[in-house]
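Residue 148 in numbering that gives the first Met the number 0 sits at position 149 of the sequence shown; the count goes up by one each step and never skips. Each remark here refers to the structure printed beneath this line.
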Amino acid sequence: MSGLRAQIRRFEDKINFVRMDAINLPNRAVNLLKIERISSAADALYFVVDRLAEQHGIGAITIKEAIEAVSIFLAKLDSMTEQELAQLSDPREKLLHEANGNLLNAFPIIVELYHSKIVSLIQRRNFDIIKKRFGLDGSREYTLDEIGTYYDVTRERIRQIEAKTIVQLGEILSGSLDTKDWALPQILSDKYLMLRKKLGEFDLLVTKRQLNTLLTKEFDSTLESGYLNVLMETVGYAKLTGSALGFRGVIEESWYDTSRYKKSDFEAIFKPLNVIIDSPKKCPLFDILVSVKKKTKLKISNAEISAAIAAISDFELNDEVISVRIECLRNAADKAFRILDTRGKPLHFSKIAREINQFSIRQLGFSPMKERNLTNQMASDPRFISIGKSGEWGLSEWSHYKNITIVQALEQILHQTGKPMTLSELRHGIKSLRSDASDKSIMVYLNDENFFTRVSKGVFGLKEWRLTAAPKREKKKIVGNDEFASAVKSLLISKNPSPLQNAVSIISKKTKLSELTVRQRLAALEAVQIMGVAGRRNKELFCENIELLDIVTGNCRTLLRDQIQHEIRAILYERPNQLLRKGELYKLVAKNVKCLKPTFYQYLERMDDIKTEKKGISAPLFFAKAKMGSIRF
Numbered sequence: 000m001s002g003l004r005a006q007i008r009r010f011e012d013k014i015n016f017v018r019m020d021a022i023n024l025p026n027r028a029v030n031l032l033k034i035e036r037i038s039s040a041a042d043a044l045y046f047v048v049d050r051l052a053e054q055h056g057i058g059a060i061t062i063k064e065a066i067e068a069v070s071i072f073l074a075k076l077d078s079m080t081e082q083e084l085a086q087l088s089d090p091r092e093k094l095l096h097e098a099n100g101n102l103l104n105a106f107p108i109i110v111e112l113y114h115s116k117i118v119s120l121i122q123r124r125n126f127d128i129i130k131k132r133f134g135l136d137g138s139r140e141y142t143l144d145e146i147g148t149y150y151d152v153t154r155e156r157i158r159q160i161e162a163k164t165i166v167q168l169g170e171i172l173s174g175s176l177d178t179k180d181w182a183l184p185q186i187l188s189d190k191y192l193m194l195r196k197k198l199g200e201f202d203l204l205v206t207k208r209q210l211n212t213l214l215t216k217e218f219d220s221t222l223e224s225g226y227l228n229v230l231m232e233t234v235g236y237a238k239l240t241g242s243a244l245g246f247r248g249v250i251e252e253s254w255y256d257t258s259r260y261k262k263s264d265f266e267a268i269f270k271p272l273n274v275i276i277d278s279p280k281k282c283p284l285f286d287i288l289v290s291v292k293k294k295t296k297l298k299i300s301n302a303e304i305s306a307a308i309a310a311i312s313d314f315e316l317n318d319e320v321i322s323v324r325i326e327c328l329r330n331a332a333d334k335a336f337r338i339l340d341t342r343g344k345p346l347h348f349s350k351i352a353r354e355i356n357q358f359s360i361r362q363l364g365f366s367p368m369k370e371r372n373l374t375n376q377m378a379s380d381p382r383f384i385s386i387g388k389s390g391e392w393g394l395s396e397w398s399h400y401k402n403i404t405i406v407q408a409l410e411q412i413l414h415q416t417g418k419p420m421t422l423s424e425l426r427h428g429i430k431s432l433r434s435d436a437s438d439k440s441i442m443v444y445l446n447d448e449n450f451f452t453r454v455s456k457g458v459f460g461l462k463e464w465r466l467t468a469a470p471k472r473e474k475k476k477i478v479g480n481d482e483f484a485s486a487v488k489s490l491l492i493s494k495n496p497s498p499l500q501n502a503v504s505i506i507s508k509k510t511k512l513s514e515l516t517v518r519q520r521l522a523a524l525e526a527v528q529i530m531g532v533a534g535r536r537n538k539e540l541f542c543e544n545i546e547l548l549d550i551v552t553g554n555c556r557t558l559l560r561d562q563i564q565h566e567i568r569a570i571l572y573e574r575p576n577q578l579l580r581k582g583e584l585y586k587l588v589a590k591n592v593k594c595l596k597p598t599f600y601q602y603l604e605r606m607d608d609i610k611t612e613k614k615g616i617s618a619p620l621f622f623a624k625a626k627m628g629s630i631r632f
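Right, dumping it as structure tokens:
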């Protein structure tokens, strides 16, 4: 026996995956090996040499025939080529052992081995049925009726074949079913039982995300969708389709424990959750749990309802508050409501549209929300209120916001007091009417002489009160490079060189600049020179070529202010005695001068040759008269 044992050890690596039937042992010995769940040739050889003689009920003839079979088999191994040896083994069994306990890598092999070694040749169609039912190896999934029609059997027969296959695969994986000619490594059975235990720790449903997280953690890999569905069926979990009867939301790919739940249970659980789908508001999780428990007759826990909510892809749960994802809301008005409700303050319609598009871009078939479409929906929806004429929108339920302009709010506050008010008093008072009004906007409107009068520093009243206005502060004049160079040229034409002190004084009076500023700008002007005079302390301003000042003037960058005001004058000159609204004038100016509206308005108001007038009573219009034409506001 020691000689046989030594030979077995010599060939152990070669015969580890050789089939046991290749040894040609007597039937009595083979039956005993099956009872011991031995399937590989190496394990069978060691058993015959070391333990067969000790087994109860084994006769001398069986032992002798078994030893002879072992001797003959070992003798053949000496002369076998690698190719001949490979024919005695099943590479799939080798792969099972090489999986090293990774159930996911081994599972497709187990399914194939099951159908090739357990199912008879006549029933090999069963493998094709399983492939088509679960979409294995790239096949699409077929219904029971479709497969039954193909094989000329009833759908019930197909269902029975599927159910039997699932049960037997589960028994093989758990180690409760003996296999013929092959055995599942114990480590794979242990991993399968571990997986089944961990799945039992989930409440109600196991989502695809949760399952992938679990599989990645335990096996560092995942399974192809079809084989994953088969594996989950063997564990006792059925797949839940993407919807439940009566529920309008979308349910993630999930599985449920068939030993604890029925498919009809989910209709009762999910249907009450439509209350969330129907509202853009956020709902406390506590309220939803109470509502579902009242509406369903099932005895269901809070954890199970929470698991159902987590499986709905339309929902999001944050800080015990549940809501429909903004991109999944039904229409633009609902999305706008969610944004305003979340922000808690009015927003401009353009900003609302931008945020809606930012959230919705993740959806398939995304189409940008148009601002006009959004404002049309909000204007016809009683949930929204327009905040004056600012373009901002709020929610009607916000009692501290009124549909009045900032000017109307300021007028209302002043009428209530009946006397002029300070800027700080007006700022405080407007918060109850237009809490969104910025300090800058308030100041701009208070300085509008068509409505208000500044009676002293920081104190304002209504214009209709006919109060004496405080003297206006003189606006600081801005002199461009071209205007300054022109003033220098006119001086030097009359006298070149010219005493510096005298030149500075004349240019200062002409341009309204301080003498210090004039000196600084003369020093920076390359076309002129400031020279000392021999024997005298005074200096002179000199230009060798006065025409160079024309070049300086031509090369000067024209200020945007000058461009806008020049364009306004040109437009008015072409339209004598024609009234133009401020918006119309801006459009004409913008064709030639690129500028923003606020910039245009600011420089228009600074034009000294423009005079504004008010006409009308119920709906007053404002006019600006120029020497060359008129502008209507």
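Using N, Cα and C, we set each Cβ at its ideal position, and we do this for glycine too.
8 angstroms Cβ cutoff met for Gly225 and Leu95: Sequence index remark: in the sequence shown, residue 225 carries index 226 (1-based). Sequence index remark: in the sequence shown, residue 95 carries index 96 (1-based). Taking 8 angstroms as the Cβ cut-off, Gly225 and Leu95 do not qualify as a contacting pair.
So which of Asp219, Tyr141, Leu198 and Lys33 has the shortest CA-CA distance to Met231? Walking along the sequence shown from the start, residue 231 turns up at place 232. Measuring from the Cα of Met231, the nearest candidate turns out to be Leu198.
Using the Cα positions of Asp49 and Leu192, report the straight-line distance between them to the nearest angstrom. On the sequence shown, position 50 is the one that residue 49 refers to. On the sequence shown, position 193 is the one that residue 192 refers to. Between Asp49 and Leu192, the C-alpha separation is close to 32 angstroms.
Contacts around Glu583, its chain only, beta-carbon distance under 7 angstroms, and the 5 residues preceding and following it disregarded: On the sequence shown, position 584 is the one that residue 583 refers to. Correct list: empty, nothing qualifies.
What separation, rounded to the nearest whole angstrom, lies between the Cα atoms of Leu540 and Ala468? For the purposes of this step, residue 540 is taken as residue 541 along the sequence shown, with counting starting at 1. For the purposes of this step, residue 468 is taken as residue 469 along the sequence shown, with counting starting at 1. Their backbone Cα atoms lie some 45 angstroms apart in a straight line.
Where the alpha helix (DSSP H) containing Phe450 begins and where it ends: Locating residue 450 in the sequence shown gives position 451, where the first residue counts as 1. Element bounds for Phe450: n/a, residue is neither H nor E.
Through-space distance from Phe348 to Thr374, alpha-carbon basis: Numbered from its first residue, the sequence shown carries residue 374 at position 375. Numbered from its first residue, the sequence shown carries residue 348 at position 349. Straight-line Cα distance between these residues: approximately 7 angstroms.
Under the assumption that Phe133 contacts Val229 (Cβ atoms under 8 angstroms), give the Cβ distance between them as a whole number of angstroms. Position 134 of the sequence shown, counted from the first residue, corresponds to residue 133. Position 230 of the sequence shown, counted from the first residue, corresponds to residue 229. Between Val229 and Phe133 the Cβ distance is about 5 angstroms, and since that is below 8 angstroms, they are a contact.
Less than 8 angstroms separating the beta-carbons of Ile338 and Leu346? For the purposes of this step, residue 338 is identified with residue 339 of the sequence shown, where counting begins at 1. For the purposes of this step, residue 346 is identified with residue 347 of the sequence shown, where counting begins at 1. For Ile338 and Leu346, yes; Cβs fall inside 8 angstroms.
According to DSSP, simplified to helix, strand and coil, what is Gln528? Locating residue 528 in the sequence shown gives position 529, counting from the first residue. The answer is strand: DSSP assigns Gln528 an E or B state.
Taking DSSP as the reference, what is the three-state secondary structure of Phe246? Looking up residue 246 in the sequence shown gives position 247. Note: Phe246 maps to coil in three-state DSSP.
Host beta strand (DSSP E) of Tyr255 (start-end): Residue numbering aside, residue 255 sits at position 256 when the sequence shown is read from its first letter. Counting along the chain, the beta strand (DSSP E) containing Tyr255 begins and ends at Ser253 to Asp256.
Boundaries (first-last residue) of the alpha helix (DSSP H) holding Asn101: On the sequence shown, position 102 is the one that residue 101 refers to. First-last for Asn101: undefined, no H or E at that position.
Who are the near neighbours of Ser220 in its chain, counting only those whose CB is closer than 8 angstroms to its CB and skipping five residues on each side? Stepping through the sequence shown from its first residue, residue 220 is reached at position 221. Cβ within range, chain order: Asn101, Leu103, Asn104 and Leu214.
Val152 (DSSP reduced to helix, strand or coil): The residue labelled residue 152 in the question sits at position 153 within the sequence shown. Three-state result, Val152: coil.
With DSSP as the reference, label Pro575 as helix, strand or coil. For the purposes of this step, residue 575 is taken as the residue at position 576 of the sequence shown. Coil at Pro575, not helix or strand.
Based on Cα-Cα distance, which residue from Phe265, Ala237 and Ser258 lies nearest to Ala243? Taking the sequence shown and counting its residues from 1, the one referred to as residue 243 is at position 244. Ranking Phe265, Ala237 and Ser258 by Cα distance to Ala243 puts Phe265 first.
So what does Pro283 bridge to, in DSSP terms? The residue labelled residue 283 in the question sits at position 284 within the sequence shown. DSSP lists Val320 as partners of Pro283.
Would Ile630 be called buried (16 or more neighbouring beta carbons within 10 Å of its own) or exposed? Within the sequence shown, residue 630 is the residue found at index 631, counting from 1. The pLDDT assigned to Ile630 is 49, lower than 50, so where the model puts this residue is not dependable, and the model offers no usable value.
For a quick check, are the C-beta atoms of Cys542 and Val527 less than 8 angstroms apart? Locating residue 542 in the sequence shown gives position 543, where the first residue counts as 1. Locating residue 527 in the sequence shown gives position 528, where the first residue counts as 1. In contact: Cys542 and Val527 (Cβ atoms closer than 8 angstroms).
Pull up the distance between the alpha-carbon of Ile7 and that of Asp42, whole angstroms please. On the sequence shown, position 8 is the one that residue 7 refers to. On the sequence shown, position 43 is the one that residue 42 refers to. So the two alpha carbons sit approximately 10 angstroms from each other.
Taking contact to mean at least 3 C-beta pairs separated by less than 8 angstroms, is the region 387-394 in contact with the region 355-368? no
Could you give the distance in angstroms between the alpha-carbon of Ala332 and the alpha-carbon of Ile321? As a first step, residue 332 is located in the sequence shown; it is residue number 333 there, counting from the start. As a first step, residue 321 is located in the sequence shown; it is residue number 322 there, counting from the start. Spanning the two alpha carbons is a distance of roughly 19 angstroms.
Beta-carbon proximity of Lys439 to Thr452, cut-off 8 angstroms: Along the sequence shown, read from residue 1 onward, the residue named residue 439 stands at position 440. Along the sequence shown, read from residue 1 onward, the residue named residue 452 stands at position 453. Result no, Cβ atoms of Lys439 and Thr452 do not sit closer than 8 angstroms.
Within a Cβ cutoff of 7 angstroms, which residues of the same chain sit near Tyr150, ignoring the five residues on either side of it in sequence? As a working mapping, residue 150 is identified with position 151 in the sequence shown. Taken in chain order, the residues that qualify are Arg124.
Pull up the DSSP beta-bridge partners for Ala237, would you. Start at 1 with the first residue of the sequence shown, and residue 237 comes out as number 238. Paired residue(s): Tyr255.
What residue range does the alpha helix (DSSP H) around Leu584 cover? For the purposes of this step, residue 584 is taken as residue 585 along the sequence shown, with counting starting at 1. Residues Lys581 to Ala589.
Can you have a look at Ile109 and say buried or exposed, based on whether 16 or more other CB atoms are within 10 angstroms of its CB? Residue numbering aside, residue 109 sits at position 110 when the sequence shown is read from its first letter. Ile109 comes out buried.
In whole angstroms, what is the alpha-carbon distance linking Pro634 and Gly479? In this structure the chain extends from 0 to 632, so residue 634 is not present and cannot be described.
Below 8 angstroms between beta carbons: does that hold for Ala302 and Asp202? To locate residue 302, count along the sequence shown from 1; it is residue 303. To locate residue 202, count along the sequence shown from 1; it is residue 203. Taking 8 angstroms as the Cβ cut-off, Ala302 and Asp202 qualify as a contacting pair.
If the criterion is Cβ atoms closer than 8 angstroms, does the pair Glu326 and Arg382 meet it? Walking along the sequence shown from the start, residue 326 turns up at place 327. Walking along the sequence shown from the start, residue 382 turns up at place 383. Not in contact: Glu326 and Arg382 (Cβ atoms no closer than 8 angstroms).
Quick check on Gly147: does DSSP put it in helix, strand or coil? In the sequence shown, counting from the first residue as 1, residue 147 sits at position 148. Correct three-state label for Gly147: helix.
Output needed for Gln562: all residues of its chain with C-beta closer than 7 angstroms, excluding positions within five of it in sequence on either side, in chain order. As a first step, residue 562 must be located in the sequence shown, where it is residue number 563. Closer than 7 angstroms at Cβ, skipping near neighbours: Val592.
Just confirm the distance between the C-beta atoms of Leu646 and Leu466, as a whole number of angstroms; I'd bet it's less than 8 angstroms. This structure gives no information on residue 646, because the portion of the chain shown stretches from 0 to 632.
Going by DSSP, name the residue or residues bridged to Lys538. Position 539 of the sequence shown, counting from 1, holds the residue named residue 538. Note: Lys538 sits in a beta bridge opposite Gly531.
Between which two residues does the alpha helix (DSSP H) harbouring Leu409 extend? Your numbering for residue 409 matches position 410 in the sequence shown. Counting along the chain, the alpha helix (DSSP H) containing Leu409 begins and ends at Ile405 to Thr416.
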